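Converting from the sequence shown to the working numbering requires adding 277 to each position, the first position being numbered 1. We treat Cβ as the ideally placed atom computed from N, Cα and C, and that holds for glycine. For clarity, every value in this text was computed on a predicted model and none was experimentally measured. Worksheet: the structure to be examined is printed underneath.
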Amino acid sequence: MNFPPRYVPHSRMRRMRKDDFSRRLMREHTLTADDLIYPVFVLEGKGQEENVPSMPGVKRQSLDKLLYTAEEALNLGIPMLALFPVVTQNKTELAEEAYNPEGLVPTVVRTLREKFPELGIMTDVALDPYTIHGQDGLTDSNGYVLNDETIDVLVKQALCHADAGAQVVAPSDMMDGRIMAIREALEDAGHIHTRIMAYSAKYASAFYGPFRDAVGSSGNLGKADKKTYQMDPANTNEALQEVALDIQEGADMVMVKPGMPYLDVVRRVKEEFGVPTYAYQVSGEYAMLQAAIQNGWLDGEKVILESLLAFKRAGADGILTYYAVEAAKMLRK
């Protein structure tokens with residue numbers, strides 16, 4: 278067979294892709310266990326472990342069961358757990374249980390800090406697990422979430438968690454001015470080393486459904502939404518303004534949530550501010566991947582690691598992911 282005269286390119290991009298050694302030498306981004314934060318759901322009681330139907334592979338655990346999970350995460354090199362409580366009792370209009378020093382979260386924090394002092398513990402500062410209506414704050418008679426009144430409760434909640442030993446508090450509520458209020462309260466109380474990871478660009482997303490099932494707030498929320506305080510998915514410039522305000526108010530770290538549908542926002546935030554930037558691979562993202570993996574439509578190990586690497590490529594310093602333990606095991610191979 279006669280071939281036509283060849284064009285010989287001087288630059289062959291495939292040269293460096295040919296072998297594993299050269300692919301590794303030119304690799305721009307690397308994923309390690311150091312990049313992972315493991316969100317866990319904690320139940321009241323003892324000896325309790327429940328599957329989350331909409332999040333295959335994820336469990337709600339009572340503290341005694343969670344201790345084994347925490348130990349495994351620590352042994353795998355995962356730096357931090359993010360605690361999310363499943364509260365079935367004491368839900369009220371004013372969310373008083375959110376700052377009960379003997380409540381579920383502070384009790385879990387104290388125990389984890391005692392058992393695993395080197396493991397980072399981050400707590401969620403928001404009221405939706407504790408309100409009878411499932412909103413992230415206090416509401417008026419029309420159901421509108423009140424900003425300043427909510428901040429007063431969030432400050433109490435953050436102080437309660439810091440008093441229990443949480444090294445990181447993470448306000449996920451999206452109230453205006455809450456970072457400054459929490460920072461000033463922490464400083465006044467002597468918690469000068471307590472870090473704040475601000476959910477700075479948290480969107481009113483449809484990807485949160487399985488999470489709300491997991492913490493038991495979906496039934497309380499009903500058909501209501503959170504569009505009056507969480508961000509419009511159409512906006513990115515607004516995200517930069519939100520991040521700028523949170524940094525000015527004293528945030529140590531900022532977060533974009535959800536993750537993969539908003540990687541453009543992660544990139545813009547990192548390039549604009551250069552601060553520690555995180556993203557949350559949320560429950561809906563996890564559920565979609567798990568469904569495809571369990572049906573054999575996607576290769577689980579490959580797609581999990583590729584999805585997490587995408588966060589690093591976009592500029593995230595770390596990722597909150599329900600795959601943290603599984604991914605950390607894969608990365609050891």
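Cα-Cα separation between residue i and residue j, rounded to whole angstroms
| i | j | result |
| --- | --- | --- |
| residue 510 | residue 479 | 9 Å |
| residue 537 | residue 590 | 11 Å |
| residue 418 | residue 425 | 16 Å |
| residue 284 | residue 608 | 41 Å |
| residue 469 | residue 562 | 35 Å |
| residue 325 | residue 514 | 44 Å |
| residue 522 | residue 572 | 44 Å |
| residue 320 | residue 489 | 14 Å |
| residue 354 | residue 311 | 7 Å |
| residue 460 | residue 377 | 20 Å |
| residue 481 | residue 601 | 24 Å |
| residue 372 | residue 380 | 12 Å |
| residue 389 | residue 401 | 15 Å |
| residue 383 | residue 500 | 31 Å |
| residue 610 | residue 577 | 15 Å |
| residue 294 | residue 303 | 9 Å |
| residue 431 | residue 404 | 8 Å |
| residue 412 | residue 455 | 16 Å |
| residue 452 | residue 427 | 8 Å |
| residue 551 | residue 593 | 10 Å |
| residue 399 | residue 553 | 15 Å |
| residue 369 | residue 305 | 50 Å |
| residue 588 | residue 313 | 11 Å |
| residue 441 | residue 548 | 35 Å |
Cutoff 8 Å; reference residue i; Cβ partners in own chain excluding five residues on either side
| i | result |
| --- | --- |
| residue 485 | 535, 559, 560, 561 |
| residue 439 | 446, 463, 466, 468, 471 |
| residue 606 | 353 |
Collapsed DSSP secondary structure at residue i in the structure displayed
| i | result |
| --- | --- |
| residue 490 | helix |
| residue 385 | helix |
| residue 450 | coil |
| residue 416 | strand |
| residue 337 | strand |
| residue 279 | coil |
| residue 327 | strand |
| residue 504 | coil |
| residue 320 | strand |
| residue 636 | Any property of residue 636 remains undetermined from this structure, which presents the chain solely from 278 to 610. |
| residue 472 | strand |
| residue 315 | strand |
| residue 401 | strand |
| residue 284 | coil |
Inter-residue CB distance, residue i and residue j (contact presumed, cutoff 8 Å)
| i | j | result |
| --- | --- | --- |
| residue 604 | residue 570 | With a Cβ gap of about 13 Å, residue 604 and residue 570 do not count as contacting. |
| residue 317 | residue 346 | 6 Å |
| residue 407 | residue 449 | Not a contact, Cβ separation roughly 13 Å. |
| residue 557 | residue 332 | So it is not a contact: roughly 14 Å between Cβ atoms. |
| residue 348 | residue 393 | 7 Å |
| residue 386 | residue 443 | 5 Å |
| residue 396 | residue 340 | The Cβ separation is near 14 Å, so there is no contact. |
Residues of its chain near residue i, where Cβ-Cβ distance is below 6 Å and the 5 sequence neighbours each way are ignored
| i | result |
| --- | --- |
| residue 540 | 591 |
| residue 586 | 308 |
| residue 222 | For residue 222 there is no data in the structure shown, the boundaries of the chain being 278 and 610. |
| residue 342 | 326 |
| residue 374 | 367, 380, 407 |
| residue 529 | 472, 473 |
| residue 435 | 402, 446, 459 |
| residue 352 | none |
Cutoff 7 Å; reference residue i; Cβ partners in own chain excluding five residues on either side
| i | result |
| --- | --- |
| residue 416 | 410, 422, 423 |
| residue 328 | 336 |
Counting only runs of 3+ residues fully inside the segment 518–547, write out the beta strand (DSSP E) ranges in chain order. Qualifying beta strand (DSSP E) stretches, in chain order: 530–534.
What residue ranges within the segment 552–604 form continuous alpha helix (DSSP H) runs of no fewer than 4 residues, ordered along the chain? List check, alpha helix (DSSP H) in window: 560–571, 577–591.
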